[in-house]
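To start, the structure under review is shown below, and the notes come after it.
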Amino acid sequence: MDTFLSYIYAFLVGGIICVIAQILIDKTKLSPARILVIYVCAGVLLTGIGIYQPLVDFAGGGATTPLTGFGYSIAKGVRKAVDEKGLLGALTGGLTATSAGIAAAIIFGFIASLIFSSKPKR
Amino acid sequence: MDKSSYSDYVKKKAKKSPIARDCIFAFIIGGAICTLGHSLRQLYTYLTGDEEITSSLVCTTLIFLSVLLTGLGIYDKIASKAGAGTIVPITGFANAVSSAAIDNKSEGYVLGVGAKMFIIAGPVIVFGMLSGAIYGVIYYITSLFA
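From first to last, the protein sequence lines stand for chains A and B.
Read left to right, the first sequence gives residues 1 to 122 (our numbering).
Read left to right, the second sequence gives residues 1001 to 1146 (our numbering).
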């Protein structure tokens, strides 16, 4: 039952995070790229002040899948690296924690450009 | 009703329903993508039992699916309805990378695919790393006094 509920929480929290972005897009002149930047920075900030971790514990994928979760991974990686290596960790932690995602996006993106060609936009 | 209050009225009427509709689509599709992320998380936690490996694998799987759907032209079709619901999840990040890579193929593999790939994802990485580094310095300083 707990597992089932966690899916509901993931859906609700993930949905709400997306709705906030949708309202920002519709109500302000912010472009999607700016929203993404704001979301990543917000993820780092919220993790830093200790709010995001409880949200991840509560909603799981609902909190880690949105780009705020990317910020969460960066902040968590940085904190771990600073604990291990001192100040150098502030530089190494962020990319280490997100390396799989960034590399996957680059490599799959490149392969996609080899296979597919662009479709006319409507 | 004079001209300006009429135009206010029109604006209100015209804008209201799209936002509500956009939000509902963003909520359902965004929520669904996050639920998929959550199920992958549960699955990989069960299989590996390691938190770091799990989060990397979830990320990689979602990115793979997103790039595949982008290449097939399906992701953009969903995105035209779902708006932020497809932009905000990590799949939107992968979509931005792969669609830029595919669209700029005609400009060559180095300056087209290689360079333009990061036109939207680049700022995300730049400001993510920047805020992460700032957080790291603050965390380091506070841990000195703790």
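Using N, Cα and C, we set each Cβ at its ideal position, and we do this for glycine too.
Values in this document were obtained by computation on a predicted structure and should not be read as measured data.
Applying the 10 Å Cβ sphere with the 16-neighbour rule, what's the burial state of residue i?
| i | result |
| --- | --- |
| Val1150 (chain B) | A query on residue 1150 (chain B) cannot be resolved here, the shown segment of chain B reaching from 1001 to 1146 and no further. |
| Arg122 (chain A) | Bear in mind that a pLDDT of 47 at Arg122 (chain A), under 50, signals an unreliable position, so the number given afterwards is only what the model happens to contain. Looking at its Cβ environment, which holds fewer than 16 other Cβ atoms inside 10 Å, Arg122 (chain A) is exposed. |
| Phe116 (chain A) | buried |
| Thr1060 (chain B) | buried |
| Leu1069 (chain B) | buried |
| Ser113 (chain A) | buried |
| Arg1041 (chain B) | buried |
| Ile1063 (chain B) | buried |
| Ala1146 (chain B) | exposed |
| Gly1049 (chain B) | exposed |
| Asp1022 (chain B) | buried |
| Val1126 (chain B) | exposed |
Just to check my reading of the structure: residue i and residue j have Cβ atoms closer than 8 Å, yes? What is that Cβ distance to the nearest angstrom?
| i | j | result |
| --- | --- | --- |
| Gly1085 (chain B) | Ile1029 (chain B) | 4 Å |
| Ala1096 (chain B) | Phe1025 (chain B) | In fact, because the Cβ distance is near 19 Å, the residues do not count as touching under 8 Å. |
| Ala63 (chain A) | Tyr52 (chain A) | 7 Å |
| Thr68 (chain A) | Ala42 (chain A) | 6 Å |
| Leu12 (chain A) | Gly1031 (chain B) | 7 Å |
| Ile74 (chain A) | Ala97 (chain A) | 6 Å |
Between which two residues does the alpha helix (DSSP H) harbouring residue i extend?
| i | result |
| --- | --- |
| Gly123 (chain A) | Summary: the structure shown does not reach residue 123 (chain A), with chain A confined to residues 1 through 122, and so no result is reported for it. |
| Lys1077 (chain B) | 1074-1082 |
| Asn1104 (chain B) | First-last for Asn1104 (chain B): undefined, no H or E at that position. |
| Phe11 (chain A) | 2-27 |
| Asp1002 (chain B) | Neither: Asp1002 (chain B) is in no alpha helix (DSSP H) and is coded neither H nor E. |
| Ser117 (chain A) | Taken as a continuous stretch (DSSP letters only), Ser117 (chain A) belongs to no alpha helix (DSSP H), as it is neither H nor E. |
| Phe1127 (chain B) | 1121-1145 |
| Ser1055 (chain B) | 1051-1071 |
| Gly62 (chain A) | 61-64 |
| Ile35 (chain A) | 32-48 |
So residue i contacts chain B; which residues on that side make the cut at Cβ distance below 9 Å?
| i | result |
| --- | --- |
| Phe70 (chain A) | Cys1059, Ile1090, Phe1093, Val1124, Gly1128 |
| Gln53 (chain A) | Those within 9 Å of Gln53 (chain A) in chain B number zero; the least Cβ separation is about 12 Å. |
| Thr3 (chain A) | Gln1042 |
Check the Cβ-Cβ distances between residue i and every residue of chain A, and say whether any is below 8 Å.
| i | result |
| --- | --- |
| Ile1028 (chain B) | yes |
| Ser1005 (chain B) | no |
| Thr1035 (chain B) | yes |
| Val1110 (chain B) | no |
| Asp1050 (chain B) | no |
| Asp1022 (chain B) | yes |
| Phe1064 (chain B) | yes |
| Ala1146 (chain B) | no |
| Ile1074 (chain B) | no |
When you compare the CB of residue i with every CB in chain B, is at least one pair closer than 8 Å?
| i | result |
| --- | --- |
| Phe58 (chain A) | no |
| Thr64 (chain A) | yes |
| Gly93 (chain A) | yes |
| Leu46 (chain A) | no |
| Gly101 (chain A) | yes |
| Leu30 (chain A) | no |
| Gly50 (chain A) | no |
| Val19 (chain A) | yes |
Strictly below 8 Å CB to CB, what residues from chain B border residue i?
| i | result |
| --- | --- |
| Gly89 (chain A) | Gly1136, Tyr1140 |
| Leu12 (chain A) | Gly1031 |
Mind listing the chain A neighbours of residue i? Cutoff is C-beta to C-beta under 7 Å, in chain order.
| i | result |
| --- | --- |
| Gly1071 (chain B) | Ala112, Ile115, Phe116 |
| Asp1103 (chain B) | Ser118 |
| Ala1121 (chain B) | Ala105 |
| Ala1115 (chain B) | None at all; the shortest Cβ gap to chain A is about 12 Å. |
| Ile1078 (chain B) | The contacting residues do not exist; Ile1078 (chain B) stays about 13 Å from chain A at best. |
Let me check you understand the geometry: is the CB of residue i closer than 7 Å to at least one non-hydrogen atom of the ligand MN?
| i | result |
| --- | --- |
| Ser1066 (chain B) | With respect to the ligand MN, the structure shown offers nothing to examine, as it has no ligands at all. |
Residue i versus chain A: which residues are under 9 Å apart at the beta carbon?
| i | result |
| --- | --- |
| Ile1019 (chain B) | Gln22, Ile23, Asp26, Lys27 |
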